[in-house]
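A.B. asks:
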Amino acid sequence: MKRVEPRKPRRRTTSKQKQRAERYQVMTDEAMADFTIEELREFLQADSLEVPVDPAFKERLRRKLWDLLQEQLRNRRGDA
Numbered sequence: 018m019k020r021v022e023p024r025k026p027r028r029r030t031t032s033k034q035k036q037r038a039e040r041y042q043v044m045t046d047e048a049m050a051d052f053t054i055e056e057l058r059e060f061l062q063a064d065s066l067e068v069p070v071d072p073a074f075k076e077r078l079r080r081k082l083w084d085l086l087q088e089q090l091r092n093r094r095g096d097a
């Protein structure tokens with residue numbers, strides 16, 4: 018028999034969080050307005066190309082992206 022844990026109550030969204038979400042959406046919309054669908058498709062096509070990648074570069078990029086994601090999460094939580 019599967020054990021079911023009680024759900025954690027959801028936190029209420031504050032007005033500050035709503036404002037931040039709206040600001041991020043506006044920023045995203047503005048950034049996307051600079052690009053056409055064709056340009057986006059062309060950019061994404063590069064993912065299917067077989068291009069040799071330097072493993073050291075790939076690791077540096079992976080670490081940098083991870084650090085950026087963690088920093089963004091801390092900023093959203095207000096831990097910074």
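Going by our numbering, the final residue of the sequence shown carries number 97, and the count climbs one at a time with no gaps.
Even glycine gets a Cβ: it sits at the ideal position worked out from N, Cα and C.
Computed from a predicted model, the values in this text were never measured in an experiment.
From Q87 to D64, what does the alpha carbon distance come to, in whole angstroms?
C.D. replies: For Q87 and D64, the distance between alpha carbons rounds to 24 angstroms.
A.B. asks: Starting from A73, trace the alpha helix (DSSP H) in both directions and tell me its first and last residue.
C.D. replies: First-last of the alpha helix (DSSP H) with A73: 72-94.
A.B. asks: Can you tell me whether DSSP reads E39 as helix, strand or coil?
C.D. replies: Residue state, collapsed to three classes: helix.
A.B. asks: Using the three-state DSSP reduction, which class does D64 fall into: helix, strand or coil?
C.D. replies: Three-state result, D64: helix.
A.B. asks: Which of helix, strand or coil does DSSP assign to E56?
C.D. replies: E56 falls in the helix class under three-state DSSP.
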